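Protein sequences appear in the order of chains H and G. At position 2 of the first sequence the residue is numbered 2 (full-length UniProt numbering), and the sequence of numbers has no breaks. At position 57 of the second sequence the residue is numbered 57 (full-length UniProt numbering), and the sequence of numbers has no breaks. Heads up, the thing below is written out as structure tokens.
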Amino acid sequence: MADYKLQTAHLYGDLMNTYGDYGNIIALSYYANLIGVDVETQVISLEDDFDDTAYDFVLFGGGQDYEQMVVTKDLPGKSEAIKRYIENDGVFLGVCGGFQLLGDYFVLADGTRVEGIKAMMHYTLNQTDSRFIGNVVIEDPTNGDVYRGFENHQGRTFLDAEERPLGMVKQGNGNNGEDGGEGLVYKNTYGTYFHGPILTRNGNLTLRLLQTMLERRYPDVDWASQIAQLEPEFF
Amino acid sequence: MSLRSSLATFVGNSSHFVLKDILHRGGTSLPGKLAIKIDPNVMTSLAEKYDVILITGTNGKTLTTALTTRVLREKYNNVITNPSGSNMMQGITGTMLTAKPKAGEKPIAVLEVDEANVEEVARQLKPKAFVLTNIFRDQLDRYGEIYTTYEKILKGIRLFPEATVIANADSPIFMRGNLPNPKVYYGFNHEEASGDMRAPYNTDGVLSPTDDSILHYHFMTFANQGYYFSKTDDFKRPELDYAITKLNKLTPSYSNFDIDGKPFQIEIGGQYNIYNAMAAYSVGRFMGVSESQIKHAFESNAQIFGRQEAVKVGDKDVTIVLIKNPVGANQVIQMMSTDDQPFSLIALLNANYADGIDTSWIWDADFESLADTNMQAISTGGERYKDLYVRIKMAGYGDQPVHEDLTKIVEAIEAQPTEHVYVAATYTAMLQLREQLKQKGYIKSGMEG
Ligand SMILES: [Zn+2]
Chain H
1 MADYKLQTAH LYGDLMNTYG DYGNIIALSY YANLIGVDVE TQVISLEDDF
51 DDTAYDFVLF GGGQDYEQMV VTKDLPGKSE AIKRYIENDG VFLGVCGGFQ
101 LLGDYFVLAD GTRVEGIKAM MHYTLNQTDS RFIGNVVIED PTNGDVYRGF
151 ENHQGRTFLD AEERPLGMVK QGNGNNGEDG GEGLVYKNTY GTYFHGPILT
201 RNGNLTLRLL QTMLERRYPD VDWASQIAQL EPEFF
Chain G
1 MSLRSSLATF VGNSSHFVLK DILHRGGTSL PGKLAIKIDP NVMTSLAEKY
51 DVILITGTNG KTLTTALTTR VLREKYNNVI TNPSGSNMMQ GITGTMLTAK
101 PKAGEKPIAV LEVDEANVEE VARQLKPKAF VLTNIFRDQL DRYGEIYTTY
151 EKILKGIRLF PEATVIANAD SPIFMRGNLP NPKVYYGFNH EEASGDMRAP
201 YNTDGVLSPT DDSILHYHFM TFANQGYYFS KTDDFKRPEL DYAITKLNKL
251 TPSYSNFDID GKPFQIEIGG QYNIYNAMAA YSVGRFMGVS ESQIKHAFES
301 NAQIFGRQEA VKVGDKDVTI VLIKNPVGAN QVIQMMSTDD QPFSLIALLN
351 ANYADGIDTS WIWDADFESL ADTNMQAIST GGERYKDLYV RIKMAGYGDQ
401 PVHEDLTKIV EAIEAQPTEH VYVAATYTAM LQLREQLKQK GYIKSGMEG
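As structure tokens, this is what we get:
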């Protein structure tokens, strides 16, 4: 039995789960297990409350349009708790739809404006008859790390002046194909369009997130040296 | 038949002759193309001569069509069908043009139709029945959403409210749309309808058709299928007309089960294929074929087309299976779990257009559950071996051999520690594998069996 445990909430995991998003939790558990930490995951969906003090990591993935609309109707009941979790430095990963919904609003393919939960103020416009699909490579401006992934999105997301991108695009389109940014970082919250699950392919980033989670939950343990022993996957 | 239609039929027939006999290709689509060009409604005049049964859905169309045809032939002398892969308008036109129904009883056409073509095909063929297998998200389906796909099917069905809908009732999406049609429902009733569970995180289409609440299940078979019910209103799976009441024995090469208390067997493994058999059974009963005739049709020895193929490589018994999406991969894993012999698994991943350029689906497939099988060894390969290697590693199998170079794949198969070897491959990886097997003389043709 592991002595340490992390709790993960997979937000609307039964509705927002396209293109391997759950892989992010698989990767996180994999590295955590190697240093004796268990990861438990709960799907928090339409019928459930989100308790912002209960989790060390929250994953909010992408969904099909239909499911995304159902989720949008349910979100107001959870959005205050989600905002508290983010403001209190909780580790959060929003992928594609989950990234868009954290922001101010997004515009559907048919032009309808849908309100986000406004935890941040980025917004997402649509593009007609085209999608950004393909491999992406970005560089993290804070540490020079390179991240690889696969993007597949119709939305074009624009960050608010107070937000910064996760990385600058070396290959692919990124948030909007214009400003060279991909994803978003705000406190310990990350947004991205990487569906080729970002944490499976970019072990460095995964280990940084893992360390943040563990240091928040178990501040008296020297996690940095244990994590430094791990070999991050990168492909 | 109008002069135009007769001419179109003639052109269709003769171009088929030219293609088949001179070019030696299965020319089912070109004659259709020519005939449609001359008379876009050529089918309508042809179709009047037939009772038409359309079979559609994401998975299982081909096997369901093959089994249904076999079942109906137990009672009827005049049953035609389209070859697998010819499920667009042109291919279907080609099939109907080149068929030579015997005089006498009205012939039956059992046709596999691509989901996106149901409306167009139905409009011309005036089907007597629509058979719906399932709808899953398919990465190769150009990112189509399941509700959009179903909407396309509904458009075809709505043209013919008198046609019978024969549907997999375990698939909740088919309860959408309030169709006035007469219905026949099939599904599984092999477990007590008492549990209360929600679908796992990684399942599509789990919203109630009535109010978009999350469906609960008394039991689940696979993906989003099972005995579902709603907790917010009185919606639940409808009563089944025909049901699997017991699973007697499941193996990779056959499945034995009870339909409404009577034993049946199909000569192909995989729980998903039992759904296809249920569809064929339901069509058979709808068309007046007796239980014993259906039983005979299921058990007759003729090879039925499946997604698996057996090849002898040296002293290894190799089973080759195609994988392309999470639902399909999970079905293959489920099928392997019914194997009571030790086996090795080689998984090959490419990401060319025909495979799907996005490999992220491997993270949605449940490789973790291979732990519950008799698998003795696992290794990965293909152009994207690294993705799959990490996937398998993180599924709990640690460091495992990789086959970067598929030109050495036959040696790798020969070196496996067990007599029985499964090779699960995406489409172009499968072609590369077959090319190697052909070069080594283990199979005749690189392209198809
Ligand atoms: Zn997406």
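Glycine included, each C-beta is placed from N, C-alpha and C at the ideal position. Treat the numbers as computed from the prediction; the structure is a model and nothing was measured.
Can you pull the chain G residues whose beta carbon is under 8 Å from the beta carbon of H/Tyr-4, in chain order? Against chain G, the beta carbon of H/Tyr-4 has no neighbour under 8 Å; the closest one sits roughly 19 Å away.
Could you check which residue in H/Phe-50, H/Glu-178, H/Val-221 and H/His-122 has the C-alpha nearest to that of H/Ser-79? Here the closest residue by C-alpha is H/Phe-50.
Those runs of the alpha helix (DSSP H) which lie wholly inside the region 130-180 of chain G and span at least 4 residues: Every alpha helix (DSSP H) stretch that sits fully inside the region 130-180 of chain G and reaches 4 residues is listed by chain position as 146-158.
Beta-carbon proximity of G/Asp-260 to G/Thr-245, cut-off 8 Å: The Cβ-Cβ distance between G/Asp-260 and G/Thr-245 falls below 8 Å.
With a threshold of 16 other CB atoms inside 10 Å of the CB of H/Tyr-193, please say whether the residue is buried or exposed. H/Tyr-193 should be labelled buried.
Using 8 Å as the Cβ pair cut-off and three pairs as the minimum, do the region 56-64 of chain H and the region 155-162 of chain H touch? Not touching, per the Cβ criterion.
Taking beta-carbon pairs under 9 Å, can you tell me which members of the region 211-235 of chain H lie near chain G? Those residues of the region 211-235 of chain H placed with their C-beta closer than 9 Å to a C-beta in chain G are Glu-233 and Phe-235, ordered along the chain.
Taking the alpha carbon of H/Thr-212 as the point to measure from, which residue in H/Gln-42, H/Gly-144, H/Phe-92 and H/Ser-45 has its own alpha carbon closest? Of H/Gln-42, H/Gly-144, H/Phe-92 and H/Ser-45, the smallest CA-CA separation from H/Thr-212 is found for H/Phe-92.
Terminal residues of the continuous alpha helix (DSSP H) containing G/Pro-263? Note, G/Pro-263: premise wrong, no alpha helix (DSSP H); beta strand (DSSP E) at 262-266.
Residue environment, G/Arg-384, which counts as buried when at least 16 other CB atoms sit within 10 Å: If you draw a 10 Å sphere on the C-beta of G/Arg-384, you find 16 or more other C-beta atoms in it, and that means buried.
Integer-rounded CB distance, given that G/Met-287 should sit under 8 Å from G/Leu-72: With a Cβ gap of about 6 Å, G/Leu-72 and G/Met-287 count as contacting.
Residues of chain H with a CB under 7 Å from the CB of G/Glu-145: which are they? Correct list: Gln-64, Asp-65 and Tyr-66.
What in chain G is Cβ-close to H/Asp-14, meaning under 7 Å? Arg-198, Ala-199, Tyr-201, Thr-203, Val-206 and Ile-214, listed in chain order.
Helix, strand or coil at G/Leu-437 [DSSP, three-state]: Here DSSP, grouped into helix, strand and coil, assigns G/Leu-437 to helix.
Residues of chain H with CB closer than 8 Å to the CB of G/Lys-444, please, in chain order. What G/Lys-444 touches in chain H: nothing, since even the nearest Cβ is about 37 Å away.
Closer than 7 Å between beta carbons: that is the criterion. Which residues of the region 134-166 of chain H meet it against chain G? For the region 134-166 of chain H, residues whose beta-carbon sits nearer than 7 Å to a beta-carbon of chain G comprise Phe-150 and Asn-152.
Give a yes or no on whether the minimum CB-CB distance between H/Val-95 and chain G is below 8 Å. With 8 Å as the cut-off, H/Val-95 does not count as an interface residue toward chain G.
Between H/Thr-200 and H/Asn-24, how many whole angstroms is the CB-CB distance? I'm expecting something under 8 Å. Going by Cβ atoms, the distance from H/Thr-200 to H/Asn-24 rounds to 7 Å, so yes, they are a contact pair.
Following the continuous beta strand (DSSP E) through G/Gly-381, name the residue where it begins and the one where it ends. Its beta strand (DSSP E) spans residues 375-381.
Top-ranked residue by Cα proximity to G/Thr-62, from G/Ser-86, G/Ser-45 and G/Val-42: Nearest C-alpha to G/Thr-62: G/Ser-86.
For the structure I just gave you, are there three or more beta carbon pairs, one from the region 179-189 of chain G and one from the region 205-217 of chain G, closer than 8 Å? The region 179-189 of chain G, when compared against the region 205-217 of chain G, does not touch it at the 8 Å Cβ threshold.
Taking CB distances under 8 Å as the criterion, tell me whether G/Ser-360 reaches chain H. For G/Ser-360, the nearest beta carbon of chain H is closer than 8 Å to its own beta carbon.
My output table needs one value for H/Ile-44: the three-state DSSP class, helix, strand or coil. In the displayed model, H/Ile-44 falls within a strand according to three-state DSSP.
Mapping DSSP to helix, strand and coil, what is H/Tyr-55? Note: H/Tyr-55 maps to coil in three-state DSSP.
N- and C-terminal bounds of the alpha helix (DSSP H) containing G/Met-96: Start and end: 89-98.
Is any heavy atom in ligand 3 found nearer than 7 Å to the beta carbon of H/Leu-15? Because ligand 3 does not appear in the structure shown, any question about it cannot be addressed here, the ligands present being ligand 1.
Using 10 angstroms around the beta-carbon of G/Tyr-353, count the other beta-carbons present and answer buried if the total reaches 16, otherwise exposed. G/Tyr-353 should be labelled exposed.
Contact with chain G by H/Phe-191, beta-carbon distance below 8 Å: The question names Phe, but residue 191 of chain H is Gly in the sequence shown. Cβ-Cβ to chain G under 8 Å: no for H/Gly-191.
G/Ala-223 and G/Val-327 closer than 8 Å at C-beta: Yes. Within cutoff.
If you count every other CB in all the chains shown that lies within 10 Å of the CB of G/Glu-404, and 16 or more means buried, which is it? Under this definition G/Glu-404 is an exposed residue.
Extent of the continuous beta strand (DSSP E) run through H/Tyr-4: Where H/Tyr-4 is concerned, the enclosing beta strand (DSSP E) stretches over 4-11.
Which residues in the same chain as H/Arg-217 place their Cβ atom closer than 7 Å to its Cβ, once the five residues preceding and following it in sequence are excluded? In chain order, Leu-6 and Asp-56 place their CB closer than 7 Å to the CB of H/Arg-217, counting only its own chain and leaving out the 5 sequence neighbours on each side.
Alpha carbon of G/Gly-26 to alpha carbon of H/Asp-179, nearest angstrom: Note on G/Gly-26: pLDDT 41, under 50, position unreliable in the model; no value is reported.
For the beta strand (DSSP E) that contains G/Val-79, what are its first and last residues? Note, G/Val-79: beta strand (DSSP E), 79-81.
Contact check, H/Val-43 vs H/Gly-13 under 8 Å by CB: the rounded distance? Sure, about 4 Å apart at Cβ, within 8 Å.
Report the residue from G/Leu-67, G/Pro-172, G/Ile-268 and G/Met-278 whose alpha carbon sits nearest the alpha carbon of G/Phe-229. Nearest C-alpha to G/Phe-229: G/Pro-172.
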